[in-house]
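Numbering (the UniProt record's numbering), first residue to last: 1 to 276. Virtual Cβ for every residue (Gly too), placed ideally from N, Cα, C. Treat the numbers as computed from the prediction; the structure is a model and nothing was measured.
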């Protein structure tokens, strides 16, 4: 019997069945962190882009959660200053995927399937994730990894434009906007990106959430940016990201009822499937 969306949401809000290992990308020449299941061959993987002024450590529980469900999750800690290059962060996300597919991960020889790769991000890191997917779509497969799925939380426009880049992306997209986002209001940011998306796309609005709702712990940037960590936002993001990436990177249909349904405090605002 198929599980109901509410049951699936509760299931995916909890840690998954895998024991998780944490590694340091700096050991292979790229600052950042990587979380992996302890065991597994041919695993899916995602690279996560941090928001403006946000250290990668502010997303450690999200990355750990994805790894507990069998998804290798890595976040480069580059372009962290006040004047970052979003194009270079996008390139670093693709480099991160190159690293996790070619370097031996973990003591038991964990491996990543290069056909099961995605990108994600928060704020301008979400915009950079969109740029990365567009870069990969425009490049030869032998040069850049192919991106199979893209997810963002309170995505912000970038330079070059993330919404313009979205027109090149045929991979599925999931974009979570925040109801109380005063930094990157959905209409000009997440909604604009989702509307321009070339492939199947979904936009949800997280109720009672702000721009920094997905971040964890305290950080001095909260003096500059509106918002603060929000437990419900973190839970919803973990569950929806997990359902989305497991569905589109592994081919399972188990979590489709959750992805297709309105969720309390996360209703679907836009869903589009391109014409065949």
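{"Asked": "At what residue ranges does the region 150-207 contain a whole run of the beta strand (DSSP E), taking only runs of 3 or more?", "Found": "173-178 and 201-206"}
{"Asked": "So residue 122 is in the beta strand (DSSP E); what residue range does that whole segment cover?", "Found": "112-122"}
{"Asked": "Since residue 215 is in the alpha helix (DSSP H), which residue starts that stretch and which ends it?", "Found": "That residue, residue 215, is in no alpha helix (DSSP H); it is neither H nor E in DSSP."}
{"Asked": "Rounding to the nearest angstrom, what Cα-Cα distance links residue 277 and residue 5 in this structure?", "Found": "Outside the shown range of the chain, which is 1 to 276, sits residue 277, and nothing can be said about it."}
{"Asked": "Grouping DSSP H, G and I as helix and E and B as strand, with all else coil, what is residue 105?", "Found": "strand"}
{"Asked": "Go through its chain and collect everything with a Cβ distance to residue 234's Cβ below 8 angstroms, but skip five positions before and after it.", "Found": "61, 62, 213, 214 and 216"}
{"Asked": "In its own chain, which residues sit with a C-beta less than 6 angstroms from the C-beta of residue 105, not counting the 5 before and 5 after it?", "Found": "36"}
{"Asked": "DSSP on residue 224, reduced to helix/strand/coil?", "Found": "coil"}
{"Asked": "Pull up the distance between the alpha-carbon of residue 245 and that of residue 198, whole angstroms please.", "Found": "18 angstroms"}
{"Asked": "According to DSSP, is residue 237 part of a helix, a strand, or is it coil?", "Found": "helix"}
{"Asked": "What separation, rounded to the nearest whole angstrom, lies between the Cα atoms of residue 205 and residue 155?", "Found": "12 angstroms"}
{"Asked": "Hey, is the region 121-130 in contact with the region 44-52, meaning 3+ C-beta pairs nearer than 8 angstroms?", "Found": "yes"}
{"Asked": "Do residue 67 and residue 32 have their C-beta atoms closer together than 8 angstroms?", "Found": "no"}
{"Asked": "Answer yes if the region 16-24 comes into contact with the region 64-78, meaning at least three C-beta pairs across the two stretches below 8 angstroms, and no otherwise.", "Found": "yes"}
{"Asked": "On the DSSP letters alone, give me the boundaries of the beta strand (DSSP E) that residue 269 sits inside.", "Found": "268-272"}
{"Asked": "Taking just the CA atoms, how far does residue 117 sit from residue 174?", "Found": "15 angstroms"}
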